[in-house]
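Respectively, the protein sequence lines represent chains S and G. Start counting the first sequence at 102; every next residue gets the next number (my numbering). Start counting the second sequence at 122; every next residue gets the next number (my numbering). Just so you know, even glycine gets a beta-carbon here, dropped at the ideal spot from N, CA and C. Owing to the predicted nature of the structure, the values given are computational and were not obtained by experimental measurement.
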Amino acid sequence: MYSKKIVIRYTPDIVQQPIICQLVKQYDLVFNILKARIFPRREGVIVLELNGLKENFDNGINFLKKMGLQVEPLSKSVSQNIDKCVHCGACTAFCPTGALSFEKQTQKVLFDPEKCNGCEICVSACPVRAMEINLL
Amino acid sequence: MKKYKVKKTFHEINEKIKEGRAVVVTAEEMIDVVEKSGDVEAARKIDVVTTGTFSPMCSSGAFLNIGHTSPRIRASRVWLNDVPAYGGIAAVDCYIGATEVVEGDPLNSVYPGEFHYGGGHVIEDLVSGNVIKLRAEGYGTDCYPARKFEKNITINDLRNAILFNPRNAYQNYNCAVNLSDTTIYTYMGMLRPRMANANYSTSGQLSPLFNDPYYRTIGVGTRIFLGGAQGFVAWPGTQHNPNAYRGANGVPKEGAGTLAVVGNLKEMTPEWLAGASILGYGVSLYVGIGIPIPILNEEMARFTAVKDENIYTQVYDYSMDYPKGLSKPLAEVSYKDLRSGTIVIDGKKVITAPLSSYYKARQIANILKEWIEGGKFILGEPQQTLPSVEI
Ligand code: SF4
Ligand code: SF4
């Protein structure tokens with residue numbers, strides 16, 4: 102079983118067409134919509150998790166591209182909401198990459214996006230939900 | 122009666138505060154002062170030492186009076202943003218507790234539960250001035266005929282809002298580890314298997330009750346920093362236990378003293394009261410508390426100069442011993458070691474992480490210092506000190 106999260110962007114001219122459902126019908130893929138948004142000029146973004154055979158997955162993605170949709174793998178990024186963080190440090194013990202660490206002098210907890218691998222452990226470990234996932 | 126070389130009274134110190142002459146340092150700064158000039162000289166020089174702590178503190182909540190409605194209601198069941206508040210106090214009084222979870226929350230049925238919203242968050246929303254959906258039900262009486270009431274309110278619409286926390290500012294607290302083979306989720310946070318991490322929760326040398334270990338100057342009526350405003354110590358907190366096991370310096374090596382604190386919620390700010398969601402456990406409230414300690418004599422100078430390396434706590438296994446109620450500590454560690462990022466237990470290096478914010482604790486101690494230096498904060502002399510023990 103193959104599973105991948107993807108971001109699909111589409112333009113106003115194809116927003117009306119039933120495309121996504123074809124993934125199920127023609128390619129035997131199961132999808133889970135993680136996020137969907139239509140912008141004012143009717144272009145939009147959908148974030149999907151697709152599950153199925155690798156072969157079907159590849160064919161399905163090719164189909165979407167042929168239909169004129171822009172498809173990209175979802176690279177999520179995690180960020181620290183500075184207004185919410187109380188600098189407790191609960192996250193520092195869990196971060197596997199050292200992206201979250203104490204600054205010795207001030208005892209503030211600093212986030213280094215360069216080191217972050219997006220594992221999201223901190224997101225649920227943070228009591229005030231200051232670590233946020235940015236999907237798009 | 123002990124003979125002291127330096128003797129000052131609350132009244133004398135308050136006179137100095139009013140004249141803008143009081144010398145105030147934080148508990149961190151006091152360590153150096155006493156190291157350099159000794160306790161007697163420090164007691165002569167320093168009038169007040171400020172402390173601070175910012176931690177998730179269960180046993181917190183607020184009394185709210187929603188004001189009479191028309192027609193009147195005897196609000197026996199109350200919800201704020203769908204979080205139940207206790208209504209069995211009076212017609213329009215209720216108590217919103219920090220650990221109450223929003224109605225309909227899946228709790229731990231999807232383990233570990235995320236606990237996005239609860240009483241602690243309602244309190245944060247109130248002090249943020251956010252709109253809150255108030256819902257009340259009554260059974261209808263001749264004097265209070267209404268049975269239902271619903272309105273969007275903010276804290277300004279409440280007649281009174283009083284933060285009253287029955288147990289805050291724990292003098293010391295366990296350090297938690299997990300000896301089992303699976304991750305566990307506790308009120309001390311996420312604990313990874315085979316002692317992969319150790320969580321603790323006090324601000325050590327900055328923490329209020331570590332600086333007055335026998336509660337010589339703290340009691341009913343002590344004025345404090347509470348949630349960004351000026352509040353008071355109302356009573357010894359629930360579970361207050363002066364008989365805890367103490368070191369030679371008088372500092373308890375396990376949970377000991379606690380405080381019940383009270384203040385006007387309307388004056389408080391979200392910077393110092395924040396809702397907490399503790400994975401797999403529930404909701405709580407981060408509370409910021411700071412207590413000024415008057416240096417009445419050289420003994421108080423010595424007490425307030427306590428440092429992390431001389432403050433100890435016990436490490437407990439939260440997978441077996443703690444939930445079973447067995448109190449068999451695995452080790453004793455100092456706050457200096459805990460704050461270094463690693464401790465060693467049975468030859469194994471364990472990563473440590475705090476739940477309380479040292480950064481915010483330090484900010485509180487500094488704010489309190491400014492208030493006192495600026496004559497904006499007068500010490501409250503306790504009407505009665507907390508139950509203590511003889512040295
Ligand atoms: S997402 Fe993972 S790597 Fe990134 S900061 Fe959080 S815990 Fe560290
Ligand atoms: S756990 Fe959350 S609040 Fe605490 S330091 Fe990390 S990001 Fe900040």
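Close-in-space but distant-in-sequence residues of the same chain around residue i (CB under 7 Å, 5 per side omitted)
{"i": "residue 545 of chain G", "result": "Nothing about residue 545 of chain G can be read from this structure; chain G reaches only from 122 to 512."}
{"i": "residue 198 of chain S", "result": "216, 217, 218"}
{"i": "residue 450 of chain G", "result": "435, 436, 437"}
{"i": "residue 232 of chain S", "result": "179, 181, 192, 223, 224"}
{"i": "residue 134 of chain G", "result": "143, 168, 169, 415, 500"}
Chain G contact for residue i (CB, 8 Å cutoff)
{"i": "residue 209 of chain S", "result": "yes"}
{"i": "residue 189 of chain S", "result": "yes"}
{"i": "residue 193 of chain S", "result": "yes"}
{"i": "residue 200 of chain S", "result": "no"}
{"i": "residue 87 of chain S", "result": "This structure gives no information on residue 87 of chain S, because the portion of chain S shown stretches from 102 to 237."}
{"i": "residue 179 of chain S", "result": "no"}
{"i": "residue 238 of chain S", "result": "Because chain S in this structure spans residues 102 to 237, residue 238 of chain S falls outside the shown range and cannot be described."}
{"i": "residue 228 of chain S", "result": "yes"}
{"i": "residue 225 of chain S", "result": "yes"}
Proximity test, Cβ basis, 8 Å: residue i and chain S
{"i": "residue 235 of chain G", "result": "yes"}
{"i": "residue 439 of chain G", "result": "no"}
{"i": "residue 230 of chain G", "result": "no"}
{"i": "residue 191 of chain G", "result": "no"}
{"i": "residue 311 of chain G", "result": "yes"}
{"i": "residue 496 of chain G", "result": "no"}
{"i": "residue 175 of chain G", "result": "yes"}
{"i": "residue 426 of chain G", "result": "no"}
{"i": "residue 479 of chain G", "result": "yes"}
{"i": "residue 483 of chain G", "result": "yes"}
{"i": "residue 400 of chain G", "result": "yes"}
{"i": "residue 476 of chain G", "result": "yes"}
{"i": "residue 297 of chain G", "result": "no"}
{"i": "residue 472 of chain G", "result": "yes"}
{"i": "residue 407 of chain G", "result": "yes"}
{"i": "residue 286 of chain G", "result": "no"}
{"i": "residue 148 of chain G", "result": "no"}
Chain-order list of residues whose beta-carbon lies under 8 Å from that of residue i (same chain, five-residue window excluded)
{"i": "residue 115 of chain S", "result": "168, 169, 170"}
{"i": "residue 273 of chain G", "result": "252, 253, 254, 255"}
Of the residues the options, the one placed nearest residue i, counting alpha carbons only
{"i": "residue 357 of chain G", "options": "G:187, G:325, G:289, G:323", "result": "G:289"}
{"i": "residue 440 of chain G", "options": "G:301, G:282, G:233, G:473", "result": "G:301"}
{"i": "residue 144 of chain S", "options": "S:131, S:113, S:137", "result": "S:113"}
{"i": "residue 368 of chain G", "options": "G:447, G:234, G:424", "result": "G:424"}
{"i": "residue 400 of chain G", "options": "G:437, G:383, G:230, G:345", "result": "G:230"}
{"i": "residue 137 of chain S", "options": "S:131, S:129, S:130, S:146", "result": "S:146"}
{"i": "residue 194 of chain G", "options": "G:263, G:328, G:304", "result": "G:263"}
{"i": "residue 146 of chain G", "options": "G:252, G:489, G:201", "result": "G:489"}
{"i": "residue 492 of chain G", "options": "G:143, G:123, G:129, G:127", "result": "G:143"}
{"i": "residue 379 of chain G", "options": "G:398, G:512, G:364, G:218", "result": "G:364"}
Nonlocal neighbours in the same chain, by C-beta distance under 6 Å from residue i, ignoring five residues either side
{"i": "residue 199 of chain G", "result": "206, 208, 215, 257"}
{"i": "residue 478 of chain G", "result": "175"}
{"i": "residue 151 of chain G", "result": "170, 425, 426"}
{"i": "residue 229 of chain S", "result": "185, 187"}
{"i": "residue 280 of chain G", "result": "186, 188"}
Where residue i falls: helix, strand or coil (DSSP)
{"i": "residue 421 of chain G", "result": "helix"}
{"i": "residue 328 of chain G", "result": "coil"}
{"i": "residue 165 of chain G", "result": "helix"}
{"i": "residue 196 of chain G", "result": "coil"}
{"i": "residue 472 of chain G", "result": "strand"}
{"i": "residue 181 of chain G", "result": "coil"}
{"i": "residue 240 of chain S", "result": "Here chain S covers residues 102 to 237 and nothing more, so residue 240 of chain S does not appear."}
{"i": "residue 363 of chain G", "result": "coil"}
{"i": "residue 316 of chain G", "result": "coil"}
{"i": "residue 357 of chain G", "result": "strand"}
{"i": "residue 225 of chain G", "result": "coil"}
{"i": "residue 237 of chain S", "result": "Low confidence applies here, because residue 237 of chain S scores a pLDDT of 48, under 50, leaving its location unreliable; read the following figure in that light. Coil."}
{"i": "residue 136 of chain G", "result": "helix"}
{"i": "residue 235 of chain G", "result": "coil"}
{"i": "residue 191 of chain S", "result": "helix"}
{"i": "residue 288 of chain G", "result": "strand"}
{"i": "residue 444 of chain G", "result": "helix"}
{"i": "residue 386 of chain G", "result": "helix"}
{"i": "residue 270 of chain G", "result": "strand"}
{"i": "residue 456 of chain G", "result": "helix"}
Distance between beta carbons of residue j and residue i, contact taken as under 8 Å
{"i": "residue 245 of chain G", "j": "residue 395 of chain G", "result": "5 Å"}
{"i": "residue 151 of chain S", "j": "residue 108 of chain S", "result": "That pair is no contact at about 12 Å."}
{"i": "residue 161 of chain S", "j": "residue 111 of chain S", "result": "Residue 161 of chain S to residue 111 of chain S, Cβ: 15 Å. No contact."}
{"i": "residue 187 of chain S", "j": "residue 407 of chain G", "result": "6 Å"}
{"i": "residue 349 of chain G", "j": "residue 390 of chain G", "result": "4 Å"}
{"i": "residue 326 of chain G", "j": "residue 469 of chain G", "result": "Residue 326 of chain G to residue 469 of chain G, Cβ: 26 Å. No contact."}
{"i": "residue 286 of chain G", "j": "residue 182 of chain G", "result": "7 Å"}
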